[in-house]
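Here's the structure we're looking at; comments come further down.
In the working numbering, the protein residues as written are 3 to 317.
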């Protein structure tokens, strides 16, 4: 699958792409079935584990799984998706011949409940020596505005990195003022993928529909993009190289860096969904292409309740 010149330009200028039919119907059905199995397994846990993050209200009778951690380590189907040749061919056109994966997660939004994700930039969590860093989202289900599809602010990857701190702590989210007015949805069908730059502002509203929204997220970087935080060891680092060869020195480009501070006590910045949210309401009228007024209103109602970060403690 070769990206067109228009698609390459769109990624560079807008910071994101939707690529259709990357995964076959058979591959999608396998991912759906495997994910159903993990939701079933989650019935038997009552608190967060090293495998499962749970939604409030989770129970044996009504399992509400928020996140499956490190899915590529949990089932071969997810690992195959991580290494999918069609997907890697697309990524090599954006990142170069060497591609390394950073981490993986499967985010789920239960029907009529699934939690929102506050506005943030992935770069705040893992700055690198250059910004050939991106995230791929694989739609396991159809993703529309009403069931909490990914929302992005086009071109925001070209602006300064926002403050993700509050009162001297890293909270993993930014002040939402003015973002919903310029946000657009990335609506996908099952088997499609979204690709967004690590500095692109993005988030998602709650699932207000009767359908699940399951989103398999893989983060990748160019082989010569080296992490500025959380480096482990050389062997482990290169074990995550999916194509290309190891490089012995990083490529340096002048990109903004804000090193994450310790997380705020009692708040897990990896989930970013702990703020109170308004009662669910329908946004089915917002399915038209582009972000209509109804979707803007729904997003604003969701995101405006986020605690607003205070001054930056360090830069």
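Where is the CB? At the ideal position from N, CA and C, for every residue including glycine.
* Asked: Distance, Cα to Cα, residue 76 vs residue 53?
  -> 8 Å
* Any contact of the stretch 68-87 with the stretch 13-20, i.e. 3+ C-beta pairs under 8 Å? -> no
* How is the alpha helix (DSSP H) around residue 241 delimited, first residue to last? -> 236-241
* Asked: Between the C-alpha atoms of residue 91 and residue 204, what's the straight-line distance to the nearest angstrom?
  -> 25 Å
* residue 19 in three-state terms, based on DSSP -> strand
* Asked: What is the DSSP secondary structure of residue 109, counted as helix, strand or coil?
  -> strand
* Asked: For residue 56, which three-state DSSP category applies?
  -> strand
* Pull up the distance between the alpha-carbon of residue 84 and that of residue 93, whole angstroms please. => 11 Å
* To do: Using the Cα positions of residue 217 and residue 134, report the straight-line distance between them to the nearest angstrom.
  => 22 Å
* In angstroms, rounded to a whole number, what distance separates the CA positions of residue 66 and residue 87? -> 32 Å
* Decide if residue 124 is buried, meaning its Cβ has at least 16 other Cβ atoms within 10 Å, or exposed. => buried
* **Buried or exposed by the 16-neighbour rule on C-beta atoms within 10 Å, applied to residue 6** => exposed
* Mind the definition here: the stretch 173-186 touches the stretch 25-37 only if three or more C-beta pairs lie below 8 Å; say whether that holds. => no
* Does the count of Cβ pairs from the stretch 191-210 and the stretch 109-129 closer than 8 Å reach three? -> yes
* To do: List the DSSP bridge partners of residue 171.
  => 168
* Counting pairs of beta carbons, one from the stretch 246-254 and one from the stretch 185-197, are three or more of them closer than 8 Å? -> no
* Closest to residue 64 by CA distance: which of 79, 41, 50 and 78 is it? -> 41
* **Pairwise C-alpha distance: residue 236 and residue 200** => 23 Å
* **Contained beta strand (DSSP E) runs [length at least 3] in the stretch 76-157, N- to C-terminal order** => 101-111, 119-122, 135-141 and 152-154
* Taking only the alpha-carbon atoms, compute the straight-line gap between residue 262 and residue 126 and give it to the nearest angstrom. => 7 Å
* To do: May I have the straight-line CA-CA distance separating residue 243 from residue 101, to the nearest angstrom?
  => 6 Å
* residue 44, DSSP secondary structure in three states -> helix
* Pick out whichever of 55, 260, 148 and 154 has its Cα sitting closest to the Cα of residue 162. => 260
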